[in-house]
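Below: one structure, written as structure tokens.
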Amino acid sequence: MPNWWEIKNSTGEDDTPAELLIYGYIGEFDEVSSSDIVNKLKDISSNAINVKINSYGGSVFTAQAILSSLKRHKANITVYIDGIAASAATIIAMAGDKVVIPSNAMMMIHNPWTWAMGDADELRDIAEMMDKIRNSILSAYKEKTGLSEDKLIELMDQETWLNAEEAVELGFADEVEKPMRLSASIKEGMLSLNGITFEASRFSKLPDSLAKLPQNKNELSTELNEQTEDDVVTLDELKNKHPELYNQVFNAW
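Residues 1 to 253, numbered by the UniProt record's numbering, are exactly what the sequence shown covers, in order.
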């Protein structure tokens with residue numbers, strides 16, 4: 001089984017929801033493969049599936065296949081954003097009958113992109129294909145959010161980063177929950193967030209809460225790990241106890 005996805009409790013024993021974990025790059029030959037997940041989803045007998053996502057994106061086609069498989073399943077789907085759902089990962093999130101996002105997690109939507117080479121006719125064909133791919137993404141977003149195509153196109157054109165409240169306000173998520181334990185750092189252009197690492201240059205822009213992370217890999221992680229569940233109860237308490245951390249994670253949007 002690949003390292004970055006896992007299905008638990010597929011038999012639905014003890015009325016416990018099955019769990020699909022998607023952590024990593026989404027792609028047919030990378031950590032998260034649609035063919036593997038689709039085959040496993042068919043075996044799930046539970047009436048509820050919790051999907052937990054921490055991914056910076058990947059293949060749109062793979063994400064669309066996973067989205068379709070989840071939507072066809074009889075189970076009620078609850079999606080949890082475990083840190084970040086960016087790019088193609090947001091497509092999978094749209095499968096949720098309910099999407100839950102911690103107050104310190106984020107989502108990002110943008111236009112699809114690809115590397116291309118060829119003559120003028122070939123490049124025009126690729127551009128037309130990219131327009132069709134964008135339309136398929138728009139369809140998934142529109143069904144979940146109820147936003148107009150014009151509004152969604154505007155958000156995608158701007159490569160829009162959404163904090164939890166913005167994600168709920170725009171309809172990409174349904175519920176904000178208390179902040180999760182967040183380990184994040186950036187070093188030599190590599191961004192690490194709750195166990196996944198990727199090149200920050202993959203995105204045309206980053207919110208300040210990510211771009212201004214400490215270069216020392218352990219600086220933010222250590223401070224968060226020192227918190228107990230009782231220590232972080234409300235945002236006001238976190239702000240009063242650790243104002244620098246609060247500003248880095250919550251205010252820099």
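Note that the Cβ used here is the ideal one computed from N, Cα and C, for glycine as well.
The structure displayed is predicted, hence computed values, not measured ones.
Item	Value
The stretch 144–163 in contact with the stretch 72–82 per 3-pair CB rule at 8 Å	no
Per-residue DSSP class, three states only, for K178	coil
Residues of its chain near G146, where Cβ-Cβ distance is below 7 Å and the 5 sequence neighbours each way are ignored	G171
Cα-Cα separation between L20 and I153, rounded to whole angstroms	30 Å
Within 8 Å, strictly: CB atoms of E128 and L138	no
Closest residue to L182 among I109, I7, I101, R124 (Cα-Cα distance)	I101
Cβ shell of Q227 (< 6 Å), same chain only, five flanking positions each side left out	Interpretation of Q227 is limited by its pLDDT of 42, a score under 50 that renders its predicted location unreliable; the figure taken from the coordinates is listed afterwards. So the list is empty, once near-sequence residues are dropped.
Beta-carbon proximity check, I53 vs I22, cutoff 8 Å	yes
Reduced DSSP secondary structure (H/G/I, E/B, other) of E165	helix
Residue range of the alpha helix (DSSP H) that includes L20	That residue, L20, is in no alpha helix (DSSP H); its beta strand (DSSP E) goes 18–23.
Same chain, Cβ closer than 6 Å to M1, five either side skipped, listed in chain order	Confidence at M1 is low in this model, with a pLDDT of 43, below 50, so the placement of that residue is unreliable and no value is reported for it.
Inter-residue Cα distance where the pair is Y169 and A95	Reading off the sequence shown, one finds Glu at residue 169, where the question assumed Tyr. Taking the straight line joining both Cα atoms gives about 18 Å.
Reduced DSSP secondary structure (H/G/I, E/B, other) of N9	coil
Which residues DSSP lists as bridging K85, in chain order	According to the sequence provided, residue 85 is Ala. The question's Lys does not apply to it. S55, M107.
Opposing strand residues paired with Y80 [DSSP bridges]	K52, V100
Separation of A93 from V233, as counted between CA atoms	Bear in mind that a pLDDT of 42 at V233, under 50, signals an unreliable position, so the model cannot answer this.
Host alpha helix (DSSP H) of E154 (start-end)	149–157
S46 and N9 closer than 8 Å at C-beta	yes
Range covered by the alpha helix (DSSP H) that runs through I44	Looking at the DSSP string, I44 is not in any alpha helix (DSSP H), and its letter there is neither H nor E.
Candidates R124, H110, V176: closest to K151 by CA position	H110
Beta-carbon proximity of I44 to A63, cut-off 8 Å	no
Contacting residues, own chain, Cβ-Cβ under 7 Å from L67 (five flanking each side not counted)	I91, I92, M94, A95, A140
CB of A88 within 8 Å of CB of I26, strictly	yes
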